[in-house]
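Quick notes on the structure that follows.
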Amino acid sequence: MADRTENISNKSNCTAAGAASENHHGIVTKLRVRDAFIILLGATILTLDVKYIFDPSGLVTGGVSGLSIVIKYISDQSFAFEIPLWVTNVVVNIPIFLYAMAVDGKRSLLRTFLCFVFNSAELYIFPDANIFPTDNLFLVSLFGGVLFGLSSGLLLTVRATSGGTDLLGKALHRTFRSFSMGTIIQILDGIIVVVGLLTFGMEKTLYAIFSVFVMGAVTDYVIDKGKKAKMCLIFSKATDDISSAILEELNRGCTGLKGTGMYSKEDKTVLMCVCSKNDLPDVKDIVKEYDKKAFFIVANISEAMGEGFVEHWSGNSL
288 MADRTENISN
298 KSNCTAAGAA
308 SENHHGIVTK
318 LRVRDAFIIL
328 LGATILTLDV
338 KYIFDPSGLV
348 TGGVSGLSIV
358 IKYISDQSFA
368 FEIPLWVTNV
378 VVNIPIFLYA
388 MAVDGKRSLL
398 RTFLCFVFNS
408 AELYIFPDAN
418 IFPTDNLFLV
428 SLFGGVLFGL
438 SSGLLLTVRA
448 TSGGTDLLGK
458 ALHRTFRSFS
468 MGTIIQILDG
478 IIVVVGLLTF
488 GMEKTLYAIF
498 SVFVMGAVTD
508 YVIDKGKKAK
518 MCLIFSKATD
528 DISSAILEEL
538 NRGCTGLKGT
548 GMYSKEDKTV
558 LMCVCSKNDL
568 PDVKDIVKEY
578 DKKAFFIVAN
588 ISEAMGEGFV
598 EHWSGNSL
């Protein structure tokens, strides 16, 4: 009887473990599909930006995409035939991938390689067309920078890049340790921008530089969206009432930190509450309601992860 009970228990445990494993694999599969879709979306936005905005307007913002634009223009002017964007993208990126693979290994490049495949295929498939007006360089550089930043931000959220100088800079950093990775990438992009200057002139280069700043701002916004928060430190004698109100009315967590007043030598409880920017006025109102003499500190948090903020942590590989 005891053996039978033990067997039933073992079967139950195995069933539960199998269900948990199946559920885990299901979640991982969903994350992989989601990440692949985001990579496809980011690559598509990048393709549309390069093919229909930057290329027709002659704006070279660096990277392999900028080099592709320069080579297409020079080949058309010098040899009476155009080298398509996708050809340069493939020819330049393949040796970069091989070098990066030798330095960093295959696994770390999988997502970036997927973006490269999508981007190259779309550059080949999408037809040539005058979709975006290019007579106003300010609007072109602004809108192009927004799209490029959106694309880069989406790719970075799933730990991918478009390859090119970003990938090469990361690989070169392994050899040239005295230079930061950012400096190496800036040097590589700077060389391409100079080539663009010699090809398209000063005016378009200045607009391209403006577009680079727009890219950076939008990329940072996309990456940080939903992660920024406010941290409140509340020094009050009504900590119980304040903490209860924050927990019940705002459904936000609150932590009591033990402290000692160095002047009064009294032990005190300091409340710490991490909340969104929208919740901050309500937290202030609660503190003011229970203790108008409370000392209140608000600090900016660049990233807040966990329940109530970013609940699902990324990190599963394709």
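Just so you know, we're using the working numbering here: the sequence shown kicks off at 288 and counts up by one.
Where is the CB? At the ideal position from N, CA and C, for every residue including glycine.
Every value quoted in this text rests on a predicted model; they were computed, and no experiment measured them.
Which stretch, first to last residue, makes up the beta strand (DSSP E) that contains residue i?
i      : result
Ile588 : 582 to 588
Cys562 : 554 to 562
Thr542 : 542 to 547
Thinking C-alpha only, which one of the options is nearest residue i?
i      : options                        : result
Lys545 : Arg321, Thr556, Glu536, Ser467 : Thr556
Lys515 : Lys564, Ser365, Lys359, Ile326 : Lys564
Ala525 : Lys580, Glu553, Tyr550         : Lys580
Ile418 : Tyr339, Val404, Gln364         : Tyr339
Leu410 : Ile361, Leu335, Ile383         : Leu335
Leu424 : Tyr577, Asp554, Ser498, Lys512 : Ser498
Thr452 : Pro382, Phe366, Gln364         : Pro382
Using DSSP with H/G/I as helix, E/B as strand and the rest coil, what is residue i?
i      : result
Ala525 : coil
Lys575 : helix
Lys359 : helix
Leu441 : helix
Met592 : coil
Leu520 : strand
Thr448 : coil
Ile332 : helix
Ala380 : Strictly speaking, residue 380 in this sequence is Asn, with Ala absent from that position. It is helical.
Phe466 : coil
Asp391 : helix
Can you give the Cα-Cα distance for residue i and residue j, rounded to whole angstroms?
i      : j      : result
Arg464 : Leu333 : 30 Å
Ile588 : Leu567 : 13 Å
Pro343 : Asp391 : 36 Å
Glu309 : Arg319 : A caution first: Glu309 carries a pLDDT of 49, below 50, which makes its placement in the model too unreliable to give a value.
Val377 : Gly450 : 11 Å
Leu441 : Leu520 : 34 Å
Arg398 : Tyr360 : 30 Å
Ile510 : Asn406 : 21 Å
Glu590 : Arg539 : 17 Å
Val357 : Val347 : 7 Å
Phe324 : Leu454 : 21 Å
Lys457 : Ile472 : 8 Å
Between which two residues does the alpha helix (DSSP H) containing residue i stretch?
i      : result
Phe403 : 397 to 412
Phe500 : 489 to 511
Next item on the list: For the segment 522 to 541 and the segment 478 to 492, state whether three or more C-beta atom pairs, one from each stretch, are separated by less than 8 Å.
Entry: no
Notebook entry, point to check: Taking one C-beta from the segment 478 to 486 and one from the segment 379 to 389 each time, how about it: are there three or more such pairs within less than 8 Å?
Noted result: no
Check: Would you call the segment 416 to 435 and the segment 361 to 370 touching, i.e. three or more CB-CB distances under 8 Å?
Finding: no
Next item on the list: State whether the segment 538 to 554 contacts the segment 500 to 514, with contact taken as three or more CB pairs (one from each stretch) at a distance under 8 Å.
Entry: no
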